[in-house]
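Peer 1:
There are 2 protein chains.
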Amino acid sequence: MRVVVLGTSSVYPTKDRNHQAIALLYGPEILLFDCGEGTQRQMRIKGLKISKISKIFLTHWHGDHVLGLPGLLQSLAMSNRTQPIEIWGPEGSKEKIKHLLQTYEVSFPFRIIVHEIKSKKLQIIDEELKYEIYAAPLCHTCPCLGFSFKEKDKVKINTKYLSEFGLTSDPIIKKLQEGKNIIWKGKKIKAKDATFIEKGKKITYVVDTCATENITELAKDSDLFICEATFLNELKEQATERGHLTAKQAGSFAKKAKVKKLIITHFSQRYPNLRPLINEARSTFKNTEAAKDFMEIKL
Amino acid sequence: MRVVVLGTSSVYPTKDRNHQAIALLYGPEILLFDCGEGTQRQMRIKGLKISKISKIFLTHWHGDHVLGLPGLLQSLAMSNRTQPIEIWGPEGSKEKIKHLLQTYEVSFPFRIIVHEIKSKKLQIIDEELKYEIYAAPLCHTCPCLGFSFKEKDKVKINTKYLSEFGLTSDPIIKKLQEGKNIIWKGKKIKAKDATFIEKGKKITYVVDTCATENITELAKDSDLFICEATFLNELKEQATERGHLTAKQAGSFAKKAKVKKLIITHFSQRYPNLRPLINEARSTFKNTEAAKDFMEIKL
Numbered sequence: 446m447r448v449v450v451l452g453t454s455s456v457y458p459t460k461d462r463n464h465q466a467i468a469l470l471y472g473p474e475i476l477l478f479d480c481g482e483g484t485q486r487q488m489r490i491k492g493l494k495i496s497k498i499s500k501i502f503l504t505h506w507h508g509d510h511v512l513g514l515p516g517l518l519q520s521l522a523m524s525n526r527t528q529p530i531e532i533w534g535p536e537g538s539k540e541k542i543k544h545l546l547q548t549y550e551v552s553f554p555f556r557i558i559v560h561e562i563k564s565k566k567l568q569i570i571d572e573e574l575k576y577e578i579y580a581a582p583l584c585h586t587c588p589c590l591g592f593s594f595k596e597k598d599k600v601k602i603n604t605k606y607l608s609e610f611g612l613t614s615d616p617i618i619k620k621l622q623e624g625k626n627i628i629w630k631g632k633k634i635k636a637k638d639a640t641f642i643e644k645g646k647k648i649t650y651v652v653d654t655c656a657t658e659n660i661t662e663l664a665k666d667s668d669l670f671i672c673e674a675t676f677l678n679e680l681k682e683q684a685t686e687r688g689h690l691t692a693k694q695a696g697s698f699a700k701k702a703k704v705k706k707l708i709i710t711h712f713s714q715r716y717p718n719l720r721p722l723i724n725e726a727r728s729t730f731k732n733t734e735a736a737k738d739f740m741e742i743k744l
Numbered sequence: 446m447r448v449v450v451l452g453t454s455s456v457y458p459t460k461d462r463n464h465q466a467i468a469l470l471y472g473p474e475i476l477l478f479d480c481g482e483g484t485q486r487q488m489r490i491k492g493l494k495i496s497k498i499s500k501i502f503l504t505h506w507h508g509d510h511v512l513g514l515p516g517l518l519q520s521l522a523m524s525n526r527t528q529p530i531e532i533w534g535p536e537g538s539k540e541k542i543k544h545l546l547q548t549y550e551v552s553f554p555f556r557i558i559v560h561e562i563k564s565k566k567l568q569i570i571d572e573e574l575k576y577e578i579y580a581a582p583l584c585h586t587c588p589c590l591g592f593s594f595k596e597k598d599k600v601k602i603n604t605k606y607l608s609e610f611g612l613t614s615d616p617i618i619k620k621l622q623e624g625k626n627i628i629w630k631g632k633k634i635k636a637k638d639a640t641f642i643e644k645g646k647k648i649t650y651v652v653d654t655c656a657t658e659n660i661t662e663l664a665k666d667s668d669l670f671i672c673e674a675t676f677l678n679e680l681k682e683q684a685t686e687r688g689h690l691t692a693k694q695a696g697s698f699a700k701k702a703k704v705k706k707l708i709i710t711h712f713s714q715r716y717p718n719l720r721p722l723i724n725e726a727r728s729t730f731k732n733t734e735a736a737k738d739f740m741e742i743k744l
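Protein chains in written order, with the working numbering: chain A, 446 to 744; chain B, 446 to 744.
1. Just by C-beta distance, which residues in the stretch 525-559 of chain A are closer than 7 Å to chain C?
2. Count the CB pairs spanning the stretch 621-638 of chain A and the stretch 543-560 of chain A that are closer than 8 Å, and state whether there are at least three.
3. Out of B:His505, B:Gln485, B:Val449, B:Ile642, point me to the one whose CA is closest to valine 820 of chain B's CA.
4. Can you have a look at phenylalanine 676 of chain B and say buried or exposed, based on whether 16 or more other CB atoms are within 10 angstroms of its CB?
5. Taking alanine 580 of chain A as the reference, which of A:Val511, A:Ile628, A:Asn659 has the closest Cα?
6. Counting only Cβ pairs nearer than 9 Å, list the residues of chain A close to threonine 459 of chain B.
7. So phenylalanine 698 of chain A is in the alpha helix (DSSP H); what residue range does that whole segment cover?
8. Please state the DSSP three-state secondary structure of tyrosine 579 of chain B.
9. Are three or more beta carbon pairs between the stretch 710-724 of chain A and the stretch 710-726 of chain B nearer than 8 Å?
10. Check whether the Cβ of threonine 453 of chain B lies closer than 7 Å to any heavy atom of the ligand MG, and answer yes or no.
11. If you follow the beta strand (DSSP E) that alanine 735 of chain B is in, where does it begin and where does it stop?
12. Counting Cβ pairs closer than 8 Å, one from the stretch 633-648 of chain A and one from the stretch 587-597 of chain A, do we hit at least three?
13. Would valine 450 of chain B count as contacting chain A if we go by Cβ distances under 8 Å?
14. Using CA atoms only, rank isn't needed, just tell me which of A:Arg447, A:Glu531, A:Leu669 is closest to lysine 706 of chain A.
15. Among B:Gly483, B:Val448, B:Pro473, which one has its Cα closest to the Cα of lysine 460 of chain B?
16. Any idea if asparagine 525 of chain B is buried or exposed, counting beta-carbon neighbours within 10 angstroms, 16 or more meaning buried?
17. So, is the C-beta of serine 520 of chain B closer than 8 Å to a C-beta in chain A?
18. Indicate whether the contact test is met: 3 or more Cβ pairs, each with one atom in the stretch 484-500 of chain B and one in the stretch 520-535 of chain A, closer than 8 Å.
19. Straight-line CA distance for glutamate 686 of chain B to alanine 699 of chain B?
20. Threshold first: 3 residues or longer. Then list the beta strand (DSSP E) segments lying entirely within the stretch 582-631 of chain B, N to C.
21. Is the separation between the beta-carbon of proline 588 of chain A and that of glycine 537 of chain A shorter than 8 Å?
22. Give the residues from the stretch 572-602 of chain B that approach chain A closer than 9 Å (Cβ to any Cβ), ordered along the chain.
23. For the beta strand (DSSP E) containing proline 535 of chain A, name the first residue and the last one.
24. Nearest-angstrom Cα distance between histidine 413 of chain B and leucine 451 of chain A?
25. From tyrosine 576 of chain B to arginine 447 of chain A, what does the alpha carbon distance come to, in whole angstroms?
26. Just how far apart, CA to CA, sit alanine 684 of chain B and threonine 453 of chain A?
27. Would you kindly report the start and end of the unbroken alpha helix (DSSP H) that includes alanine 636 of chain B?
28. Quick check on this structure: which residue in A:Asp638, A:Thr586, A:Leu583 has the alpha carbon closest to the alpha carbon of phenylalanine 610 of chain A?
29. In three-state DSSP terms, what is valine 551 of chain B?
30. In chain B, which residues lie less than 8 Å from methionine 523 of chain A when you measure between Cβ atoms?
31. For glutamate 482 of chain A, name the three-state secondary structure that DSSP assigns.
32. By DSSP, does serine 728 of chain B sit in helix, in strand, or in coil?
33. Along chain B, which residues have their Cβ under 8 Å away from the Cβ of leucine 476 of chain A?
34. Exposed or buried, which one is serine 667 of chain A when buried takes at least 16 other CB atoms within 10 Å?
35. So what's valine 511 of chain A in DSSP terms, helix, strand or just coil?
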């Protein structure tokens, strides 16, 4: 599983920072979180194939998070994609996509399925039941969502324990993973002794919000917490007014939610040097890094 | 007067080539021709201020020519622009911009004035009567226009001729420029002897069209002819089918229109090496160059 940061600016893209987008590479598919202007080109530069995108999650309909969507859809249309694409977004997304599709001279050879998230929680479980997605309403100047990707827990085999029974490789091992006890060379092996749970990784993406306890709840125990830190805390009032967080607040939420790693992003163009933002977040949560375009995090 | 090339790809942006856009820097204003995805960031990278854009000319509503428009307008809105912005485009542009404005969560503190060009020719003369813009319908898979910018001719003073009369600097010289004869130190000086015409520069922008005589007429005597050369001539049939020109055709139109310089652009991603395209255009029109992103042409 890899997370690739495709953009880290706030409203104005800069020389070094594109609008927001995060690609989550999971098995053969790419899950895209937000799609700011230029996202398709950022993917191209990074060598990621847009054809692999299966699902798109939009936090909200401010331009820096969605302006790249029509171009991405059009490039998929030009590439003769037939597989439907599913898009999740806040209330109003269906109407917005309806207008978007009428803006440009293009027709789509695939279905665009839009889901509006109105309730607090969302679970998407793919056919192979490998992950769930959670969404939570945030606190911005328009309807906005935070998202968590949660890989399902895996039942792993305690190979050392099995080797005591002389069982190293056999199709019967699968039964143990399914929670069934087995008999091997006349001896009973209990599933609960021969297996253990490997917790699935959890990644949370929170941008464009002022402080709300939903952030803590959504991000709880995340392995990776990608969180906006648009301003320094000296501009906390302005941040709150505009529906944003400061670096210090991002650090506090990381601490409260007991995440493993915090990546701050969505920086105001007023900070060409990010050191003060990093230091501020680290003052509350040590394992903090600043996102940069094309950064890659392996999990 | 400077022309800055902001994008040179065709439908798919590549690592090195952004979607189409051309900025014409004329006095204090920027005239923008097309606005593909990422144009605002390309301007930022090049150090051009989007606030200076006064007029936008859209050839047509295929994404690679217009996807950057909503982001550009939104950034202008965030910068509290109040000066109206005027947009010219083909028939249907008003409806498309209406949908575009309803797609995103943004309001505009300035007027967006949309002009649809239905007739063959267009003249826009700014308050100071310095230039005209011409448009001509082209031949694409949707309504599409070519544009010419024509600086008005200037009446210049023949200083050498005037010095024979001992007239080097005096407000009376302005009268000669206005076409009036004057008396200087008892001698009559005729305007037609003391002045000459300096032809205004002409720039023509033609993209997304198959061969049509409108190209020749529009580009006639241009100092700079920016013309698409999406394919090599070996793919002429495919080019025509898709409403595009080959490099050879671009060269032929440059020759027929007697332009001074040809810049080819809008390259298919199948040509990472442009040398064959340049050679092909040069076989008919020698003074040809290939556009690249951030290229600057002074006139």
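From the three backbone atoms N, C-alpha and C, an ideal C-beta is built for every residue, glycine too.
Peer 2: Inspection of the coordinates gives the following:
1. In the structure shown, chain C cannot be found, because the protein chains are A and B.
2. no
3. Given that chain B is displayed from residue 446 to residue 744, the structure contains no residue 820 of chain B and the question cannot be resolved.
4. As a first step, residue 676 of chain B must be located in the second sequence, where it is residue number 231. Result: buried.
5. If you number the first sequence from 1, residue 580 of chain A lands on position 135. Of the candidates A:Val511, A:Ile628, A:Asn659, the one whose C-alpha sits nearest the C-alpha of alanine 580 of chain A is A:Asn659.
6. For the purposes of this step, residue 459 of chain B is taken as the residue at position 14 of the second sequence. Simply Arg486, Arg489, Ile490.
7. In the first sequence, residue 698 of chain A corresponds to position 253, counting from 1. Start and end: 692-701.
8. Taking the second sequence and counting its residues from 1, one reaches residue 579 of chain B at position 134. Strand.
9. no
10. The ligand MG is not part of the structure shown, which contains no ligands of any sort.
11. Your numbering for residue 735 of chain B matches position 290 in the second sequence. Segment 733-735, the beta strand (DSSP E) holding alanine 735 of chain B.
12. yes
13. Position 5 of the second sequence, counted from the first residue, corresponds to residue 450 of chain B. False, the Cβ-Cβ gap to chain A never drops below 8 Å.
14. Taking the first residue of the first sequence as position 1, residue 706 of chain A is located at position 261. When only C-alpha atoms are compared, the closest one is A:Leu669.
15. In the second sequence, residue 460 of chain B corresponds to position 15, counting from 1. Per the Cα distances, B:Gly483.
16. The count along the second sequence starts at 1 and reaches residue 525 of chain B at position 80. Flag for asparagine 525 of chain B reads exposed.
17. Working through the second sequence from its first residue, we reach residue 520 of chain B at position 75. Answer yes: the Cβ-Cβ gap between serine 520 of chain B and chain A drops below 8 Å somewhere.
18. no
19. Translated into positions along the second sequence, residue 686 of chain B becomes position 241. Translated into positions along the second sequence, residue 699 of chain B becomes position 254. Spanning the two alpha carbons is a distance of roughly 22 Å.
20. 590-596, 599-602, 627-629
21. Here residue 588 of chain A is taken as the residue at index 143 of the first sequence, counted from 1. Here residue 537 of chain A is taken as the residue at index 92 of the first sequence, counted from 1. For proline 588 of chain A and glycine 537 of chain A, yes; Cβs fall inside 8 Å.
22. Thr586, Cys587, Pro588
23. What you label residue 535 of chain A is simply residue 90 of the first sequence in a count that begins at 1. Element bounds for proline 535 of chain A: 530-535.
24. Residue 413 of chain B lies beyond the range of chain B shown here (446 to 744); nothing can be said about it.
25. Against the second sequence, residue 576 of chain B aligns to sequence position 131. Against the first sequence, residue 447 of chain A aligns to sequence position 2. Computed Cα separation, rounded: 54 Å.
26. Indexing the second sequence from 1 puts residue 684 of chain B at position 239. Indexing the first sequence from 1 puts residue 453 of chain A at position 8. Near 38 Å, if we compare the C-alpha coordinates of threonine 453 of chain A and alanine 684 of chain B.
27. Within the second sequence, residue 636 of chain B is the residue found at index 191, counting from 1. From DSSP, the alpha helix (DSSP H) with alanine 636 of chain B extends over 636-639.
28. Along the first sequence, read from residue 1 onward, the residue named residue 610 of chain A stands at position 165. Measuring from the Cα of phenylalanine 610 of chain A, the nearest candidate turns out to be A:Asp638.
29. Along the second sequence, one-based indexing puts residue 551 of chain B at 106. Coil at valine 551 of chain B, not helix or strand.
30. Looking up residue 523 of chain A in the first sequence gives position 78. The contacting residues are Val456, Tyr457.
31. On the first sequence, position 37 is the one that residue 482 of chain A refers to. Coil, per DSSP.
32. Translated into positions along the second sequence, residue 728 of chain B becomes position 283. Coil at serine 728 of chain B, not helix or strand.
33. Mapped onto the first sequence, residue 476 of chain A falls at position 31. The contacting residues do not exist; leucine 476 of chain A stays about 22 Å from chain B at best.
34. Walking along the first sequence from the start, residue 667 of chain A turns up at place 222. Its Cβ being crowded by 16 or more others within 10 Å, serine 667 of chain A is buried.
35. What you label residue 511 of chain A is simply residue 66 of the first sequence in a count that begins at 1. It is helical.
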